[in-house]
Amino acid sequence: MNMRINSCLMVLVIIASLTFVENAPGYGYRKGNGTKIKWEGENIRWRAASNSFPGGSSYRTALNRAISRWNQAPGEFHFKSVTWGDTNIERKNKQTEIWFSDTLGSGSATCYTWLKWRWGKATIKEADIALDVDVPWSTSTIQSNKDVAGSEVESYQGKAYGGNRRTFVTTALHEMGHAMGLQHENRRLNIMGSDTSHLHANNKRIRAYVGEDAGNGEVYLYGRTDTILKNDLSVSHWKFWKAGGTDNEYSQHIFTKIYHISTGNPVYSKWYEGVKRYRVKKGTTYHVQFTYENNGYYTQNGVNIGFYISKNRNITTLDERFATRTMNLTRNRPYTKKLTLTIPSNLTVTHGYWLGVIIDYTGSIQEFDEHNNAAYIPIEIIP
Ligand SMILES: [Zn+2]
Numbered sequence: 005m006n007m008r009i010n011s012c013l014m015v016l017v018i019i020a021s022l023t024f025v026e027n028a029p030g031y032g033y034r035k036g037n038g039t040k041i042k043w044e045g046e047n048i049r050w051r052a053a054s055n056s057f058p059g060g061s062s063y064r065t066a067l068n069r070a071i072s073r074w075n076q077a078p079g080e081f082h083f084k085s086v087t088w089g090d091t092n093i094e095r096k097n098k099q100t101e102i103w104f105s106d107t108l109g110s111g112s113a114t115c116y117t118w119l120k121w122r123w124g125k126a127t128i129k130e131a132d133i134a135l136d137v138d139v140p141w142s143t144s145t146i147q148s149n150k151d152v153a154g155s156e157v158e159s160y161q162g163k164a165y166g167g168n169r170r171t172f173v174t175t176a177l178h179e180m181g182h183a184m185g186l187q188h189e190n191r192r193l194n195i196m197g198s199d200t201s202h203l204h205a206n207n208k209r210i211r212a213y214v215g216e217d218a219g220n221g222e223v224y225l226y227g228r229t230d231t232i233l234k235n236d237l238s239v240s241h242w243k244f245w246k247a248g249g250t251d252n253e254y255s256q257h258i259f260t261k262i263y264h265i266s267t268g269n270p271v272y273s274k275w276y277e278g279v280k281r282y283r284v285k286k287g288t289t290y291h292v293q294f295t296y297e298n299n300g301y302y303t304q305n306g307v308n309i310g311f312y313i314s315k316n317r318n319i320t321t322l323d324e325r326f327a328t329r330t331m332n333l334t335r336n337r338p339y340t341k342k343l344t345l346t347i348p349s350n351l352t353v354t355h356g357y358w359l360g361v362i363i364d365y366t367g368s369i370q371e372f373d374e375h376n377n378a379a380y381i382p383i384e385i386i387p
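As numbered in my numbering, residues 5 to 387 make up the sequence shown, in order.
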């Protein structure tokens with residue numbers, strides 16, 4: 005009995021010594037004997053458990069949503085359409101499967117990858133995603149204002165948008181990143197960190213996305229996508245905060261801020277509709293921070309950025325534009341930037357507004373996702 009356990013441990017030790025996580029380029033990935041660990045082919049097909057993803061369920065829709073987001077991303081890896089109704093789910097049964105489990109030891113979801121070694125080179129031969137059935141999941145794309153975060157610590161846990169529920173699609177994007185060969189990344193805003201705070205929000209809707217860092221990692225492992233639309237720009241009110249979580253492996257994210265220019269300190273703010281609202285003076289100049297991403301394949305130069313004042317949290321080009329900038333964005337890592345902006349003088353004191361930003365407001369670039377181009381920070385005008 006003991007002999008068997010020992011020999012199992014031996015195998016694990018040998019594998020561990022031959023594979024290590026390489027994360028110098030930004031995104032993390034694994035190497036075995038000096039080569040990237042990835043699939044031999046460039047596509048896989050999930051087999052979804054029949055009980056977990058029944059026909060007509062919101063989970064089936066959400067799983068398809070996660071797959072289509074990855075399939076738009078700039079790398080060539082492709083998830084084929086799901087085989088539904090799998091009744092024989094098992095780890096390491098030569099099938100790539102996804103299911104809800106009641107026996108997950110810890111964490112809300114896990115991706116197991118199984119390697120094949122041949123002539124000293126490792127490739128992934130099977131991936132399985134198990135999601136904890138006891139987690140209160142949310143498949144909704146509507147922003148929740150319930151259980152509003154009371155602190156930044158809670159906001160990076162994703163409670164600002166989903167109430168106390170965990171967003172399913174961000175989790176699925178994260179685990180699928182593991183399935184194709186990506187590892188955790190703790191140095192920048194990215195889906196392979198704390199996925200629940202890697203989201204876009206506009207017009208009360210939340211939108212999960214792969215993002216620049218993980219998309220760049222997919223390109224590194226598999227090369228350029230074959231899809232027709234290879235470009236996407238986005239802007240969000242999230243930024244990298246610090247490494248944290250289990251073994252400090254995850255990036256943690258907080259909201260971008262508005263800063264006083266003279267002191268560099270954040271402007272006074274209060275929680276409002278699940279985010280922070282800043283008290284600013286009209287006609288006064290501040291540093292306004294957002295995160296800009298090039299989620300596509302090609303570098304974009306001279307990208308037009310517009311800043312707007314809106315009377316609601318739906319930022320559109322119909323709102324009043326009060327400033328413009330241009331930016332060059334290479335596919336590498338998210339660009340969190342404070343820009344010097346003056347709050348317009350025609351706003352009403354004590355009223356609340358939304359300071360909006362739209363990337364490519366001229367619509368010059370054809371993008372695979374046109375729904376992640378606007379973001380906002382709420383403001384209140386004080387005397
Ligand atoms: Zn993970």
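No residue lacks a Cβ here, since even glycine has one placed at the ideal position from N, Cα and C.
Restricting attention to Pro382, Lys341, Ile369 and Ala176, the CA atom closest to the CA of Asn316 is found in Pro382. Per DSSP, Thr87 is one residue of the beta strand (DSSP E) stretching across His82 to Asp90.
In this structure Val139 is not in contact with Arg95, their Cβ atoms being roughly 19 Å apart against a cut-off of 8 Å. Remark: the C-beta of His188 is in contact range of ligand 1, defined as less than 7 Å to any heavy atom. The closest heavy atom of ligand 1 lies less than 7 Å from the beta carbon of His178. For His182, the Cβ falls inside the 7 Å cut-off from some heavy atom of ligand 1. Per DSSP, Leu233 lies in no beta strand (DSSP E) segment and is marked neither H nor E. By the Cβ-count criterion, Phe24 is exposed, with fewer than 16 other Cβ atoms from all chains shown falling within 10 Å of its own Cβ. Per DSSP, His204 is one residue of the beta strand (DSSP E) stretching across Leu203 to Asn206. About 6 Å separates the beta carbon of Leu333 from that of Val307, a gap short enough to meet the 8 Å contact definition. The DSSP-derived three-state label of Glu297 is strand. Judged by DSSP in its simplified three-state form, Asp136 adopts strand. Runs of alpha helix (DSSP H) with 4 or more residues, each lying fully within the segment 54 to 81, are found at 62 to 76, listed in chain order. Per DSSP, the unbroken beta strand (DSSP E) holding Leu333 starts and ends at Glu324 to Leu333.
If you look at His264, you'll find it in the beta strand (DSSP E) that goes Ile262 to His264. The three-state reading of DSSP puts Thr340 in strand, counting E and B together.
Our two residues, Ser85 and Val292, have alpha carbons roughly 42 Å apart in a direct line. In the three-state reduction of the DSSP assignment, Thr174 falls in the helix class, which pools H, G and I. In terms of Cα proximity to Tyr213, the closest of Thr87, His202 and Gly227 is His202.
Under the Cβ criterion (8 Å, minimum of three pairs), the segment 317 to 336 counts as touching the segment 294 to 304. Taking the C-beta atoms as reference points, Ile347 is found no nearer than 8 Å to Tyr276. Linking Tyr226 to Tyr31 through their CA atoms gives a straight-line distance of about 14 Å.
For His291, DSSP records a beta bridge to Tyr263 and Thr344.
In this structure, the CA atom of His182 is about 14 Å from the CA atom of Val223. In the DSSP assignment, Glu222 falls within the alpha helix (DSSP H) that extends over Glu216 to Tyr226.
The beta carbon of Leu351 sits closer than 8 Å to those of Lys286, Ile313, Tyr357 and Ile385, all from its chain and outside the five residues before and after it, given in chain order. When rounded, the separation of the alpha-carbon atoms in Glu216 and Arg51 is 28 Å. Boundaries of the beta strand (DSSP E) harbouring Lys274: Ser273 to Tyr276, taken from the DSSP string. Between Leu359 and Tyr380, the C-beta spacing is below 8 Å. Listed in chain order, the non-local C-beta contacts of Met331 below 7 Å within the same chain comprise Tyr296, Val307 and Ile309, local neighbours out to five positions each way being set aside.
Secondary structure of Gly45 (DSSP, three-state): coil.
Between the segment 41 to 50 and the segment 68 to 82, the count of C-beta pairs closer than 8 Å reaches three or more; the two stretches touch. For Ser148 and Asn377, the gap between their C-alpha atoms comes out near 21 Å. Listed as beta-bridge partners of Lys246 by DSSP are Gln256.
Looking at the DSSP output, Val361 shares a beta bridge with Phe311 and Ala379.
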